[in-house]
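Worksheet for the structure shown next.
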Amino acid sequence: MRAEIEEQPAALRATLDALLPLLPDVASVARGTRQVLFIARGSSDNAAVYGRYLVEVCCGRLGSLASPSVATTYGGRLDLDGVLAVGLSQSGRTREIVETLGWAAECGARTVAVSNVAASPLAEVAELALITEAGEEVAVPATKTYTTQLAALAVLALAMCPGDEVDRLVAELRHAPDEVEGALATAAAAEELADELTAVTGAVVSGRGFGFSAALELALKLKEACYLHAIGLSYADLLHGPIAVVDEDTPAILVAPASGPTLSGMVAVAERVTGAGAKAYGIGGDGRLATACTRTLPGTGLPEWLAPLGLVVPAQLLTEALARRLDIDPDLPRGLGKVTQTDLFGDKQEDINGRSGGAYPRRARGSGQRDRDRAVHHPAPYRST
Numbered sequence: 002m003r004a005e006i007e008e009q010p011a012a013l014r015a016t017l018d019a020l021l022p023l024l025p026d027v028a029s030v031a032r033g034t035r036q037v038l039f040i041a042r043g044s045s046d047n048a049a050v051y052g053r054y055l056v057e058v059c060c061g062r063l064g065s066l067a068s069p070s071v072a073t074t075y076g077g078r079l080d081l082d083g084v085l086a087v088g089l090s091q092s093g094r095t096r097e098i099v100e101t102l103g104w105a106a107e108c109g110a111r112t113v114a115v116s117n118v119a120a121s122p123l124a125e126v127a128e129l130a131l132i133t134e135a136g137e138e139v140a141v142p143a144t145k146t147y148t149t150q151l152a153a154l155a156v157l158a159l160a161m162c163p164g165d166e167v168d169r170l171v172a173e174l175r176h177a178p179d180e181v182e183g184a185l186a187t188a189a190a191a192e193e194l195a196d197e198l199t200a201v202t203g204a205v206v207s208g209r210g211f212g213f214s215a216a217l218e219l220a221l222k223l224k225e226a227c228y229l230h231a232i233g234l235s236y237a238d239l240l241h242g243p244i245a246v247v248d249e250d251t252p253a254i255l256v257a258p259a260s261g262p263t264l265s266g267m268v269a270v271a272e273r274v275t276g277a278g279a280k281a282y283g284i285g286g287d288g289r290l291a292t293a294c295t296r297t298l299p300g301t302g303l304p305e306w307l308a309p310l311g312l313v314v315p316a317q318l319l320t321e322a323l324a325r326r327l328d329i330d331p332d333l334p335r336g337l338g339k340v341t342q343t344d345l346f347g348d349k350q351e352d353i354n355g356r357s358g359g360a361y362p363r364r365a366r367g368s369g370q371r372d373r374d375r376a377v378h379h380p381a382p383y384r385s386t
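Structure follows, in structure tokens:
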């Protein structure tokens, strides 16, 4: 996992070199559409949350996240005329996503696939495929396939933005890999924060706006690679009740861009958490967030619309460091493989790398330490990415 985290700047550069020349093709497919429907699961679904903010804030189009069961379980028929359906899957082989994108086309949508595999069913079913250049990803938790998905979604949004803005935005996007490379320098600080988190029993990970997708992705990573009970949610929803679970054993981890309209609210949440005697850890933000939090991992200087590409790197480094401290192999968490088929009953679970995590060892109650017993490995499902 650590090696693939460090490969992200190169993967992003290669992906942008491959996809930015396709801006006219994306614009052609998107022409005449009024809404973008994202179809994804797992880490790809977190990337889709970023895509939704891009198309709504930057492009002025409605974005929404699909419920694939409407197509695959209920066989619903929707009028998707004027809709651009975007299917995301790192492998391009998750049947549910492939079937739902095909269903969207049958319902009248234009279709785009985002995948790391050109010769995949998802790429074949779409009118246009945006193929990321992450290379093979061996570790089960998605890292470079996730950030390159974010880059592909940024390209998608650029194709739908007003023409007078595109040159400036392309230049900002071209600079993103350099900022991501700089974010790798947070590794030492991530190791120190991991030391503090080894005894916690859970975590509440929160963000808002463009930072929300990075918060969701960190919460997922803490669950799958560290076996930590973590929830990811908007800080607006956090204040509606879930903040009650934040205490000395369940810290808040607050993820924020370095600028933008959501930052002041995140600072206020940090002050509320620490004022109540609990710990608030920050990722990104500015000096105000660093002052309000117990400890902060610095973010990048990326503009708000690109902030998730930089924010997710310290989150990945923290996850990898914490997993090692808990005697967990972050490359191969228990119960996980590289591809998930969500139609579980009676269907074979596929793993494109022939790898999956082990069984589920019992965790001692009343302890912040995860059970370190290693169990026999067996095939098991993984999230769709």
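Count along the sequence shown starting at 1, add 1, and that's the number in our numbering.
Where is the CB? At the ideal position from N, CA and C, for every residue including glycine.
Query: Three-way DSSP call (helix, strand, coil) for Leu-198 in this model; Result: helix
Query: Nonlocal neighbours in the same chain, by C-beta distance under 7 Å from Leu-185, ignoring five residues either side; Result: Glu-7, Val-314
Query: Delimiting residues of the beta strand (DSSP E) encompassing Gly-183; Result: Run containing Gly-183: none in the beta strand (DSSP E); it sits in the alpha helix (DSSP H), 164–184.
Query: Through-space distance from Ser-207 to Leu-239, alpha-carbon basis; Result: 7 Å
Query: Bounding residues of the beta strand (DSSP E) (the contiguous stretch that carries Ala-160); Result: Where Ala-160 is concerned, there is no enclosing beta strand (DSSP E), given that its DSSP letter is neither H nor E.
Query: Residues sharing a beta bridge with Gly-86, DSSP; Result: The amino acid occupying residue 86 in the given sequence is Ala; Gly does not appear at that position. Note: Ala-86 sits in a beta bridge opposite Leu-38, Thr-112.
Query: Distance CB(Val-115)-CB(Gln-150) smaller than 9 Å; Result: yes
Query: The segment 189–201 / the segment 151–171 touching (three or more Cβ pairs under 8 Å); Result: no
Query: The segment 262–273 contacting the segment 285–302, beta-carbon criterion three pairs below 8 Å; Result: yes
Query: The beta strand (DSSP E) enclosing Leu-298, as first and last residue numbers; Result: 296–298
Query: Where Leu-66 sits in the DSSP three-state scheme; Result: strand
Query: Ser-214 - partner residues in DSSP beta bridges; Result: Answer is none; Ser-214 lacks a bridge partner.
Query: For Ala-130: DSSP bridge partner residues; Result: Ala-114
Query: DSSP-derived helix/strand/coil call for Ile-329; Result: coil
Query: Closest residue to Ala-1 among Tyr-228, Ala-190, Ala-189, Glu-192 (Cα-Cα distance); Result: Not covered by the structure: residue 1. The range shown for the chain is 2 to 386.
Query: Same chain, Cβ closer than 7 Å to Asp-248, neighbours up to 5 away in sequence not counted; Result: Ala-279
Query: Under 9 Å between C-beta atoms of Ala-259 and Gly-300; Result: yes
Query: 8 Å Cβ shell around Ala-72 - same chain, five flanking residues per side excluded; Result: Glu-100, Thr-101, Trp-104, Ala-105
Query: Residue range of the alpha helix (DSSP H) that includes Ala-271; Result: 264–276
Query: Residue of Gly-261, Ala-257, Ser-265, Pro-262 minimising C-alpha distance to Gly-286; Result: Ala-257
Query: Inter-residue spacing [alpha-carbon to alpha-carbon] between Gly-212 and Ala-177; Result: 16 Å
Query: Cβ-Cβ distance between Val-141 and Glu-225 below 9 Å; Result: yes
Query: Supposed contact pair Thr-133 and Thr-16 - C-beta distance, whole angstroms, cut 8 Å; Result: 5 Å
Query: Limits of the alpha helix (DSSP H) - the one that Ser-45 falls within; Result: 43–54
Query: Helix, strand or coil at Leu-24 [DSSP, three-state]; Result: helix
Query: Inter-stretch contact at 8 Å, needing at least 3 Cβ pairs: the segment 49–65 / the segment 152–161; Result: yes
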